[in-house]
Amino acid sequence: MNSIEYGSIQVKSFSMLNILKSLHDISESELIFIVGEKGTGKTFLANHIQNHVLKNPNLIVSDSYQTRSLNGIFTLTTNEWNEVSAKIKVSYRLIKMPSLCDRKADLALLAEFFLQVLSLMNNKPKVKLTEKALEKILQYGWPGQFYEFESVLEEALLLAENSNLIEPQFLQMGPATIEVGVPTGMKLEELERKYILQTLYFVHQNRTKAAEILGISIRTLRNKINQYRTEGYL
């Protein structure tokens with residue numbers, strides 16, 4: 006298997022494939038920790054496990070761990086994990102979230118997804134990265150993780166104005182684009198939800214056409230709709 010559907014893209018990076026494949030035997034009775042840098046999508050993975058793997062909306066998902074907890078999914082930074090790991094006296098499952106620089110194989114599809122969402126949200130036509138722009142994205146280290154990734158792409162979209170191509174000079178990477186502490190995992194989930202719901206609106210709730218535009222299976226789209234209905238968005 007060279008790719009796995011995760012959210013709205015087909016994941017291809019070795020690091021994420023290993024994580025997603027390891028979830029086949031996960032149990033809601035487990036104590037699960039997702040550890041990584043801020044902005045790597047830990048909350049998005051936690052919600053994926055809760056809603057699509059275990060399918061239990063009542064399962065605890067939190068970014069704060071209490072030592073009395075015996076099960077649930079907890080997202081922690083590396084520093085937070087170092088502080089609490091020695092205090093845990095029960096068995097647990099540890100998932101180490103890769104940074105964006107370890108997910109090079111996913112960056113092209115992630116960029117395409119973000120640009121589709123941002124174009125829709127900014128009422129702009131669809132745009133594409135030029136080959137040189139994609140090379141620039143792949144060569145950059147993304148220290149600001151997903152927040153920086155989204156911020157750079159949104160700025161590039163605005164700089165492109167009426168062009169349907171993102172040129173490398175539109176991609177403004179650097180310290181000014183990095184903000185620490187932004188709840189990126191939730192932001193990713195919100196972006197995906199807005200994209201799916203707006204696509205459904207534009208195709209007049211035609212699920213087959215929406216799934217084709219979104220590049221996901223009808224089954225995945227149906228699961229997303231059921232999730233949004235449970236969460237009160239539909």
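Going letter by letter, the sequence shown gives residues 6 to 239 in this note's numbering. We put the beta carbon where it would ideally sit given N, CA and C, even for glycine. Remember, it's a predicted structure, so these values are computed and weren't measured experimentally.
Beta-carbon proximity check, residue i vs residue j, cutoff 9 Å
i      : j      : result
Leu105 : Phe151 : yes
Ile31  : Ile54  : yes
Ala165 : Ile142 : no
Asn228 : His57  : yes
Gln177 : Glu155 : no
Arg198 : Tyr145 : no
Lys109 : Ser13  : no
Ile37  : Met102 : no
6 Å Cβ shell around residue i - same chain, five flanking residues per side excluded
i      : result
Val208 : Lys214, Ala215
Asp68  : Thr80
As assigned by DSSP and simplified to three states, the class of residue i
i      : result
Glu140 : helix
Thr72  : coil
Gly190 : Here the model assigns Gly190 a pLDDT of 49, short of 50, so the residue's position is not dependable and the matter cannot be decided.
Arg227 : helix
Glu172 : coil
Ile95  : A small correction: the amino acid at residue 95 is Val; Ile does not occupy that position in the sequence shown. DSSP places Val95 in coil when its eight states are reduced to three.
Val208 : coil
Nonlocal neighbours in the same chain, by C-beta distance under 8 Å from residue i, ignoring five residues either side
i      : result
Leu242 : Because the chain here runs from 6 to 239, residue 242 falls outside it and cannot be looked at.
Lys92  : Thr72
Lys137 : Glu172, Pro173
Residue from the options with nearest C-alpha to residue i
i      : options                     : result
Arg234 : Pro62, Leu25, Glu10, Phe175 : Pro62
Inset, instruction - Tell me, please, whether the segment 38-56 touches the segment 135-150 by the rule of three or more beta-carbon pairs shorter than 8 Å. - result: Yes, the segment 38-56 touches the segment 135-150.
Legend entry - the segment 88-100 contacting the segment 119-139, beta-carbon criterion three pairs below 8 Å: The segment 88-100, when compared against the segment 119-139, does not touch it at the 8 Å Cβ threshold.
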